[in-house]
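Colleague: I have a structure here, written as structure tokens, and I will follow up with some questions on it.
In the numbering used here, the protein residues as written are 2 to 375.
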């Protein structure tokens with residue numbers, strides 16, 4: 002296939018060529034205008050919500066029916082424009098920031114709708130596509146809108162990317178982000194032992210304690226993703242900080258885990274030091290239900306008709322679709338591009354799988370808006 006002339010790949014290049022980190026408000030606005038144009042061309046109306054500290058949340062609507070199918074995706078990218086990997090094609094692969102997560106997913110959503118629209122019974126059903134701008138920072142502004150829309154929908158489909166293996170996602174882990182801020186005393190590293198507290202030593206002690214909370218049996222992990230502090234000039238560090246995340250398989254474990262973290266960080270540390278714990282975004286765990294398994298079975302049957310066998314996958318990373326699932330509606334994720342390297346500078350998508358992913362999503366949307374699968 003000549004990918005350069007294949008319309009969805011042309012659209013992928015257009016979308017990936019305008020990266021927008023979660024705090025790049027002007028770039029997010031520019032990309033939002035692209036989406037408004039493209040969904041408007043498909044006959045969708047727009048409900049727009051603006052936020053003070055985030056880009057807009059766009060809800061595209063079409064249809065009169067009370068049975069509403071919700072689609073989800075986000076427009077922000079893992080890296081801002083000045084750090085983003087530019088778009089390029091190499092054989093069957095397309096590289097670039099958002100190629101999979103999730104500008105690629107928005108391409109799948111758009112072209113799946115384009116294929117399915119003529120076969121949707123819009124008298125009985127309606128479509129709401131919710132596309133938010135803070136997916137990479139915890140959906141702090143958009144999650145109330147996601148849940149509001151979910152409460153009026155019978156199912157939700159997410160367009161996150163899938164791995165090279167190529168299944169669909171029924172379960173995701175929950176996550177709670179945090180920051181540790183440790184303060185010590187400025188001093189000479191040659192000072193008498195115990196006379197001054199190093200913020201780095203204090204931070205290291207806290208981190209060791211946090212890693213001790215890991216529980217493989219319960220699916221509880223702690224990960225520290227970044228550390229900063231000190232001057233690199235041989236003196237004691239007066240300040241040090243770390244960003245991390247607690248992940249858990251079961252939503253009921255979150256409260257107890259967070260309490261343990263707070264207790265550990267509040268315990269006395271090195272003499273002359275202080276530790277401050279700041280919580281960031283919380284994303285709930287997504288768990289499979291009988292109704293979501295029915296969604297998966299419908300997708301697997303459709304894929305088998307196209308000669309592809311799909312299996313459920315469990316993702317370690319959290320996802321915004323879990324906010325929708327908390328309302329009780331069945332959720333199926335992973336309908337976006339197939340590839341790898343998300344949240345790295347080597348993110349890619351498989352162009353040879355794009356026609357299949359679009360056709361699968363289109364036929365699943367058709368199935369859900371004709372038959373009451375769940």
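C-beta: ideal position from N, C-alpha, C; glycine also.
All values derive from a computational prediction rather than experimental measurement.
1. Given a cut-off of 8 Å on the beta-carbon distance, is the pair residue 262 and residue 287 in contact?
2. Tell me the DSSP secondary structure of residue 193 in three-state form.
3. Taking the straight line between their C-alpha atoms, what separation do you get for residue 137 and residue 23?
4. Just the C-alpha distance for residue 100 and residue 33, rounded to the nearest angstrom, thanks.
5. Can you list, in chain order, the residues of its chain whose CB lies under 8 Å from that of residue 372, leaving out five sequence neighbours each side?
6. Might you give, ordered along the chain, the residues of its own chain that have their beta carbon closer than 7 Å to the beta carbon of residue 148, omitting 5 neighbours on each side?
7. Starting from residue 56 and walking both ways along the beta strand (DSSP E), at which residues does that stretch end?
8. Checking 8 Å against the spacing of the C-beta atoms, do residue 62 and residue 48 come in under that value?
9. Alpha carbons only, please: which of 96, 112, 81 is nearest the one belonging to residue 88?
10. Rounded to the nearest angstrom, what separates residue 320 and residue 284 at their Cα positions?
11. Of the choices 173, 343, 339, 124, whose alpha-carbon is the least far from that of residue 290?
12. In chain order, what residues of the same chain lie with their CB nearer than 6 Å to the CB of residue 58, ignoring the 5 residues before and after it?
13. Tell me the DSSP secondary structure of residue 338 in three-state form.
14. For residue 303, list the residues DSSP reports as bridge partners.
15. Please go through the same chain and pick out, in chain order, the residues whose beta-carbon is closer than 7 Å to the beta-carbon of residue 296, but skip the five residues on each side of it.
16. Measure the CB-CB distance between residue 98 and residue 20 and report whether it falls below 8 Å.
17. How about residue 117 and residue 367: are their beta carbons less than 8 Å apart?
18. In chain order, what are the residue ranges of uninterrupted beta strand (DSSP E) at least 3 long that sit wholly in the stretch 92–127?
19. Give every residue of the same chain whose Cβ lies closer than 6 Å to the Cβ of residue 121, excluding the five residues on either side of it in the sequence, and list them in chain order.
20. Work out the CA separation of residue 81 and residue 28 for me, nearest whole Å.
21. How long is the line joining the alpha carbons of residue 66 and residue 119, rounded to whole angstroms?
22. So, with DSSP's three-state summary, where would you put residue 310?
23. Do residue 279 and residue 180 have their C-beta atoms within less than 8 Å of each other?
24. Alpha carbon to alpha carbon, what distance is there between residue 31 and residue 17?
25. Quick one: is residue 267 buried, meaning 16 or more other Cβ sit within 10 Å of its Cβ, or exposed?
Modeller: According to the structure shown:
1. no
2. Model confidence at residue 193 stands at a pLDDT of 44, short of 50, so the residue's coordinates are unreliable; what they give is reported in the following sentence. Reduced to three states, the DSSP call for residue 193 is coil.
3. About 6 Å.
4. Whole-angstrom Cα-Cα distance: 17 Å.
5. Within the same chain, residue 372 has no close Cβ partners at all.
6. 324, 325, 327, 328
7. From DSSP, residue 56 is part of no beta strand (DSSP E); its letter is neither H nor E.
8. In this structure, residue 62 places its C-beta atom within 8 Å of the C-beta atom of residue 48.
9. Checking every option, the nearest Cα to that of residue 88 belongs to 96.
10. Spanning the two alpha carbons is a distance of roughly 7 Å.
11. 173
12. 50, 133, 143, 146
13. Assigned with DSSP and collapsed to three states, residue 338 falls in coil, not helix or strand.
14. According to DSSP, which records beta bridges pairwise, residue 303 is partnered with nothing at all.
15. Hits under 7 Å: 156, 331, 333, 374, 375.
16. Yes, the pair counts as a contact, with Cβ atoms nearer than the cut-off.
17. Yes, these two residues count as a Cβ contact at 8 Å.
18. 94–96
19. 370
20. Straight through space, the alpha carbons of residue 81 and residue 28 are spaced by roughly 9 Å.
21. 15 Å
22. Coil at residue 310, not helix or strand.
23. yes
24. Cα-Cα distance, rounded: 13 Å.
25. exposed
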